[in-house]
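> For the record, the sequence lines run as chains A and B. Under the working numbering, the letters of the first sequence match residues 2 to 501, in that order. Under the working numbering, the letters of the second sequence match residues 9 to 169, in that order. Note that the Cβ used here is the ideal one computed from N, Cα and C, for glycine as well. Predicted, not measured: the structure shown is a model, and the values here were computed from it.
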Amino acid sequence: MLENLFLGFSNVLSPTVLIGLTGGTIIGYLIGAMPGLGPSLGVALLIPFTYGVDPATAIVALIALYVAAEYGGAVTAVVINTPGTAAAVATTWDGYPLAQRGQAGAALNVSIIASGIGALLAAVMLMFTAVPLSEFALRFGPTEYFALALFGLSLVSSLSAGSLLKGLFAMFLGLTLVTIGVDPGTGIPRFAFSPELFEGLPLVPCLLGLYAISEVFYMIETASERPVTSVRVQGLLAVPVRTYWEMKSTILKSSLIGYIIGVIPGAGASIASMVAYSEAKRSSQDPDSFGKGNLHGIAASESANNSAVPGALAPLLALGIPGSATAAILIGALMIQGIEPGPLLFARNREIPYTISGSLIVSVPLMIFVGRAGAKLWARVADVPKPLLAAVVAGISCIGAYASANSMFPVYVMLAMGAIGYALRKIEVPLAPIVLALVLGTIMETNFRRALLTSNGDYMIFLRHPITLLLFAFAAVIMLWPLVSRLRATRCAPSKEASQ
Amino acid sequence: MRPGRHEVAHPQAANWRVPAKLAEIVLGTAFAGLALFFVVGALRLPPSFSSADVGPGVFPLIVASVTLVLALALVLRPFVGEPSEDVEIGRPWSVLGMAATLVLYVLAIPLVGVYPASIAFIALTMWCGGSRRPVFIAICAVGFVAFTYGCFGLLLQVPFP
Chain A
2 MLENLFLGFS NVLSPTVLIG LTGGTIIGYL IGAMPGLGPS LGVALLIPFT YGVDPATAIV
62 ALIALYVAAE YGGAVTAVVI NTPGTAAAVA TTWDGYPLAQ RGQAGAALNV SIIASGIGAL
122 LAAVMLMFTA VPLSEFALRF GPTEYFALAL FGLSLVSSLS AGSLLKGLFA MFLGLTLVTI
182 GVDPGTGIPR FAFSPELFEG LPLVPCLLGL YAISEVFYMI ETASERPVTS VRVQGLLAVP
242 VRTYWEMKST ILKSSLIGYI IGVIPGAGAS IASMVAYSEA KRSSQDPDSF GKGNLHGIAA
302 SESANNSAVP GALAPLLALG IPGSATAAIL IGALMIQGIE PGPLLFARNR EIPYTISGSL
362 IVSVPLMIFV GRAGAKLWAR VADVPKPLLA AVVAGISCIG AYASANSMFP VYVMLAMGAI
422 GYALRKIEVP LAPIVLALVL GTIMETNFRR ALLTSNGDYM IFLRHPITLL LFAFAAVIML
482 WPLVSRLRAT RCAPSKEASQ
Chain B
9 MRPGRHEVAH PQAANWRVPA KLAEIVLGTA FAGLALFFVV GALRLPPSFS SADVGPGVFP
69 LIVASVTLVL ALALVLRPFV GEPSEDVEIG RPWSVLGMAA TLVLYVLAIP LVGVYPASIA
129 FIALTMWCGG SRRPVFIAIC AVGFVAFTYG CFGLLLQVPF P
């Protein structure tokens with residue numbers, strides 16, 4: 002392992018990878034600091050810039066963007082009371098009250114340092130958990146892979162914030178669309194009316210359409226809204242080391258919470274920051290000060306949401322299962338580079354996971370430096386006029402879709418997916434399950450059929466393997482948990498009303 | 009933050025409000041039609057050559073059938089489930105203008121080339137978004153083309169039309 006780690010670090014310190022790391026970090030800050038543009042859209046937009054770039058540089062740049070965007074969300078959370086990403090909601094609760102008292106610099110400083118420590122600790126945990134997980138997964142056969150894909154798709158229930166019906170509809174729509182193309186088993190074209198569709202719907206144009214083009218229409222809808230008033234950033238360096246020392250247990254505990262929640266498919270950075278914030282408040286000697294400008298609240302939220310990113314990378318690298326919507330897009334990016342994530346990644350392309358781990362560690366001082374040096378700039382990013390932002394996002398999406406195959410066909414696909422994405426968002430159908438299905442659908446079908454081939458068509462093969470059964474059980478629990486919680490809540494509601 | 013310096017403070021156009029029931033019925037029906045198309049297509053696919061393989065049509069048939077059922081459930085949901093919030097489209101004429109601009113841009117790329125088309129596209133999109141400063145729009149359009157030429161044309165050497 003030490004030899005592989007050395008290989009990873011030496012890759013990270015090569016000039017091209019360092020450029021990718023720095024570029025990804027800066028773009029990530031910019032994307033995260035713009036309300037409305039989250040890490041998913043940022044990663045999807047950056048993918049076209051990685052065509053022709055070597056896989057290590059491309060993946061490091063994309064992951065650096067993912068990590069920095071999670072931090073960037075804290076900037077607008079503090080200065081304009083609007084979280085740049087969903088995971089920074091808890092940061093607004095204490096960040097903005099501090100900013101109103103003229104302590105925006107202190108709030109930003111704590112959020113940067115806590116984010117950095119969280120990301121660093123989680124990167125170390127990633128190295129020590131991903132490898133054993135991948136070694137364990139090497140025993141998997143087709144039934145386990147089918148169950149694993151099903152397990153990955155089960156996170157649809159947690160990605161469907163409003164209605165489970167709409168989340169399931171989105172997932173099955175994605176699974177239906179993924180059947181377009183030549184059948185992997187027999188070579189017969191399915192729903193492919195043009196030769197361009199023989200390889201299936203191109204993934205990057207689909208992602209750009211769903212995330213970027215649909216967002217462009219939302220930007221146009223709200224373009225004339227006046228920007229909110231931000232506060233001035235003063236005293237960025239005015240937080241004594243003693244303050245951080247006092248917060249050490251909060252940061253350590255929140256980082257651990259963030260990593261564990263990040264590993265669970267679908268839970269992600271948003272839930273991690275909320276849970277860590279609640280835990281920090283519960284264990285605090287002064288819980289009443291939370292929500293009124295307590296630095297511990299910012300540290301808990303930020304260390305947790307940043308440590309959730311390496312957490313989400315663990316199942317991605319070791320099992321090929323995304324831990325979040327952004328991780329699903331990253332799987333697409335890896336596939337474009339000809340790299341298949343999963344247990345064999347550690348055998349076939351071992352430089353990739355170790356370079357990623359190394360880059361996460363090297364990116365921490367870089368993230369802290371860039372974050373602190375550019376704090377005033379990040380705070381002004383939300384000032385970028387929306388018409389300009391919409392034009393740039395739409396333009397890069399079209400050009401990026403064209404560049405994915407040097408053809409206009411992917412651009413037409415992107416437009417169609419953009420229209421579908423906008424329409425679905427209007428009726429509150431989540432888009433993340435479609436992306437998840439586009440990524441996992443082929444794995445699911447291929448292994449389902451492979452399992453039946455090995456068992457001579459006997460469906461009982463899916464019930465004979467203990468790991469398969471365990472994964473089915475996990476999938477069922479994850480899928481049904483929101484329904485059970487909702488049922489319990491509706492049962493409790495009348496009894497509470499009666500007692501009142 | 010100063011109020012948007014680059015945008016003209018013009019009065020907000022009336023938003024379009026579509027009842028949630030209507031939106032879910034229309035979109036649910038459209039997606040049910042799409043799913044039905046896949047179901048019919050899957051039924052027409054040939055059977056497998058091997059008795060152990062389920063064949064190319066089974067997986068699409070299963071997932072498209074479930075999609076069809078869920079799309080129909082979306083159509084029926086407004087009548088039996090909790091009512092959703094009405095669908096609101098802000099600045100509808102600008103959104104339609106943006107959609108038209110996007111389609112025209114995609115059609116124009118093979119005809120006039122990506123860079124001239126991009127200049128017009130950026131300018132029109134910013135105008136649709138409410139920007140009314142010609143010099144600023146021109147700088148942004150030229151800047152965008154220079155950026156894309158540098159990244160995609162020179163560095164990645166993408167052969168654009």
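#1: Is the region 84-99 of chain B touching the region 59-68 of chain B in the sense that three or more CB pairs, one from each, lie closer than 8 angstroms?
#2: Beta-carbon of A/Val440 versus every beta-carbon of chain B: anything under 8 angstroms?
#3: Report the residues of the region 97-123 of chain B with a CB closer than 9 angstroms to any CB of chain A, ordered along the chain.
#4: Please state whether DSSP places A/Gly182 in a helix, a strand or coil.
#5: How big is the Cα-Cα spacing for A/Gly339 and B/Leu115?
#6: Which whole-angstrom value describes the C-beta separation of A/Ser215 and A/Gly422, a residue pair presumed to lie in contact below a C-beta threshold of 8 angstroms?
#7: So, with DSSP's three-state summary, where would you put A/Glu303?
#8: I'd like to know whether the C-beta atoms of A/Asn306 and A/Ala273 end up nearer to each other than 8 angstroms.
#9: Can you tell me the Cα-Cα spacing of A/Gly210 and A/Leu416, whole angstroms?
#10: Let me see if you follow: with CB-CB separation under 8 angstroms, is A/Ala224 close to chain B or not?
#11: For A/Lys249, count neighbouring C-beta atoms within 10 Å of its own C-beta (all shown protein chains included) and say buried if the count is 16 or more, exposed if not.
#12: Determine the DSSP secondary structure at A/Ser456, reduced to helix, strand or coil.
#13: Going by C-alpha to C-alpha distance, which of A/Ala131, A/Leu470, A/Pro56, A/Ser255 sits closest to A/Ser304?
#14: Please tell me whether B/Gly138 has its Cβ less than 8 angstroms away from any Cβ of chain A.
#15: In or out: A/Pro434 buried (at least 16 other Cβ within 10 Å) or exposed?
#16: Report the residue from A/Leu46, A/Ala213, A/Val430, A/Met128 whose alpha carbon sits nearest the alpha carbon of A/Glu352.
#17: Let's test the definition: count the other Cβ atoms within 10 Å of the Cβ of A/Asn110 and tell me whether it reaches 16, buried, or not, exposed.
#18: Would you report the Cα separation of A/Leu145 and A/Ile468, rounded to the nearest angstrom?
#19: Apply the 10 Å Cβ neighbour rule to A/Leu390 and answer buried if 16 or more other Cβ atoms are within range, or exposed otherwise.
#20: Grouping DSSP H, G and I as helix and E and B as strand, with all else coil, what is A/Ile322?
#21: Return the CA-CA distance between B/Met134 and B/Ala22, expressed in angstroms with no decimal places.
#22: Based on Cα-Cα distance, which residue from A/Val264, A/Phe473, A/Gly269, A/Gln286 lies nearest to A/Leu134?
#23: Cα separation between A/Ser486 and B/Ala43?
#24: Whole angstroms are fine: how far does the CA of A/Thr251 sit from the CA of A/Gly73?
#25: If you reduce the DSSP assignment to three classes, tell me which class A/Ile428 lands in.
#26: On the premise that A/Phe192 lies in contact with A/Phe475, defined as a C-beta separation below 8 angstroms, what is that separation, rounded to the nearest angstrom?
#27: If you scan the region 111-152 of chain B from start to end, which runs of the alpha helix (DSSP H) of 4 or more residues do you find wholly inside it?
#28: Give the DSSP-derived three-state secondary structure of A/Ile340 in the structure shown.
#29: So which residues of chain B does A/Lys387 contact, with C-beta pairs closer than 7 angstroms?
#30: Starting from B/Glu96 and walking both ways along the beta strand (DSSP E), at which residues does that stretch end?
#31: Strictly below 9 angstroms CB to CB, what residues from chain A border B/Ala43?
#32: Let's test the definition: count the other Cβ atoms within 10 Å of the Cβ of B/Glu32 and tell me whether it reaches 16, buried, or not, exposed.
#33: Looking at the structure shown, is B/Val52 part of a helix, part of a strand, or coil, going by DSSP?
#34: What first and last residue would you give for the alpha helix (DSSP H) that runs through A/Val132?
#35: Helix, strand or coil: how does DSSP classify A/Val240 here?
#36: Contact criterion: CB-CB distance below 8 angstroms. Does A/Thr491 meet it with respect to chain B?
In terms of the structure at hand:
#1: no
#2: Counting from 1 along the first sequence, the entry for residue 440 of chain A is found at position 439. Chain B contact via Cβ: absent.
#3: Ile97, Gly98, Arg99, Pro100, Ser102, Val103, Gly105, Met106, Ala107, Thr109, Leu110, Val111, Tyr113, Val114, Ile117, Pro118, Val122
#4: Here residue 182 of chain A refers to the residue found at position 181 of the first sequence. Here A/Gly182 sits in strand by DSSP.
#5: Against the first sequence, residue 339 of chain A aligns to sequence position 338. Against the second sequence, residue 115 of chain B aligns to sequence position 107. So the alpha carbons of these two residues sit roughly 31 angstroms apart.
#6: Along the first sequence, read from residue 1 onward, the residue named residue 215 of chain A stands at position 214. Along the first sequence, read from residue 1 onward, the residue named residue 422 of chain A stands at position 421. Right, their Cβ atoms sit about 4 angstroms apart.
#7: For the purposes of this step, residue 303 of chain A is identified with residue 302 of the first sequence, where counting begins at 1. In the structure shown, A/Glu303 sits in a helix (DSSP, three-state: H, G or I).
#8: Locating residue 306 of chain A in the first sequence gives position 305, where the first residue counts as 1. Locating residue 273 of chain A in the first sequence gives position 272, where the first residue counts as 1. The answer is yes: Cβ separation under 8 angstroms.
#9: Along the first sequence, one-based indexing puts residue 210 of chain A at 209. Along the first sequence, one-based indexing puts residue 416 of chain A at 415. Near 6 angstroms, if we compare the C-alpha coordinates of A/Leu416 and A/Gly210.
#10: Your numbering for residue 224 of chain A matches position 223 in the first sequence. Chain B, which has a Cβ nearer than 8 angstroms to the Cβ of A/Ala224, makes this yes.
#11: Against the first sequence, residue 249 of chain A aligns to sequence position 248. Exposed, since its Cβ has fewer than 16 Cβ neighbours within 10 Å.
#12: What you label residue 456 of chain A is simply residue 455 of the first sequence in a count that begins at 1. DSSP places A/Ser456 in coil when its eight states are reduced to three.
#13: If you number the first sequence from 1, residue 304 of chain A lands on position 303. For A/Ser304, the nearest C-alpha among the options comes from A/Ser255.
#14: Reading the second sequence from its first residue, position 130 is the one you call residue 138 of chain B. Output row for B/Gly138: interface = yes.
#15: Walking along the first sequence from the start, residue 434 of chain A turns up at place 433. Buried is the call here.
#16: The residue labelled residue 352 of chain A in the question sits at position 351 within the first sequence. Checked all of A/Leu46, A/Ala213, A/Val430, A/Met128; the closest Cα to A/Glu352 is A/Met128.
#17: Looking up residue 110 of chain A in the first sequence gives position 109. Result: buried.
#18: The residue given as residue 145 of chain A occupies position 144 in the first sequence. The residue given as residue 468 of chain A occupies position 467 in the first sequence. Looking at the sequence itself, residue 145 of chain A is Glu, so the reference to Leu does not match. Answer to the nearest angstrom: the Cα atoms are 7 angstroms apart.
#19: Locating residue 390 of chain A in the first sequence gives position 389, where the first residue counts as 1. Classification for A/Leu390: buried.
#20: Residue mapping note: residue 322 of chain A aligns to position 321 of the first sequence, counting from 1. Coil.
#21: As a working mapping, residue 134 of chain B is identified with position 126 in the second sequence. As a working mapping, residue 22 of chain B is identified with position 14 in the second sequence. Computed Cα separation, rounded: 20 angstroms.
#22: Residue 134 of chain A sits at position 133 when you count from the first residue of the first sequence. Residue A/Val264 is the option with its Cα nearest to A/Leu134.
#23: In the first sequence, counting from the first residue as 1, residue 486 of chain A sits at position 485. In the second sequence, counting from the first residue as 1, residue 43 of chain B sits at position 35. A/Ser486 and B/Ala43: Cα-Cα distance of roughly 31 angstroms.
#24: Residue 73 of chain A sits at position 72 when you count from the first residue of the first sequence. Residue 251 of chain A sits at position 250 when you count from the first residue of the first sequence. So the two alpha carbons sit approximately 21 angstroms from each other.
#25: Looking up residue 428 of chain A in the first sequence gives position 427. Coil at A/Ile428, not helix or strand.
#26: In the first sequence, the residue the question calls residue 475 of chain A occupies position 474. In the first sequence, the residue the question calls residue 192 of chain A occupies position 191. Not confirmed; about 32 angstroms, so no contact.
#27: 122-136
#28: Working through the first sequence from its first residue, we reach residue 340 of chain A at position 339. In this structure, A/Ile340 counts as coil in the three-state DSSP scheme.
#29: Position 386 of the first sequence, counting from 1, holds the residue named residue 387 of chain A. Within 7 angstroms Cβ-Cβ: Gly137.
#30: Translated into the one-based positions of the second sequence, residue 96 of chain B becomes position 88. Here the beta strand (DSSP E) through B/Glu96 covers 95-97.
#31: As a working note, residue 43 of chain B is residue 35 in the second sequence. Residues of chain A passing the Cβ test: Phe173, Leu174, Thr177.
#32: For the purposes of this step, residue 32 of chain B is taken as residue 24 along the second sequence, with counting starting at 1. Classification for B/Glu32: buried.
#33: Counted from its first residue, the second sequence places residue 52 of chain B at position 44. One point to set straight first is that residue 52 of chain B is Arg, not Val, in the sequence displayed. Coil at B/Arg52, not helix or strand.
#34: Reading the first sequence from its first residue, position 131 is the one you call residue 132 of chain A. Here the alpha helix (DSSP H) through A/Val132 covers 105-138.
#35: On the first sequence, residue 240 of chain A is found 239 positions in, with the first residue counted as 1. Looking at A/Val240 - three-state DSSP - the assignment turns out to be coil, as it is neither helix nor strand.
#36: Sequence index remark: in the first sequence, residue 491 of chain A carries index 490 (1-based). No, no contact with chain B.
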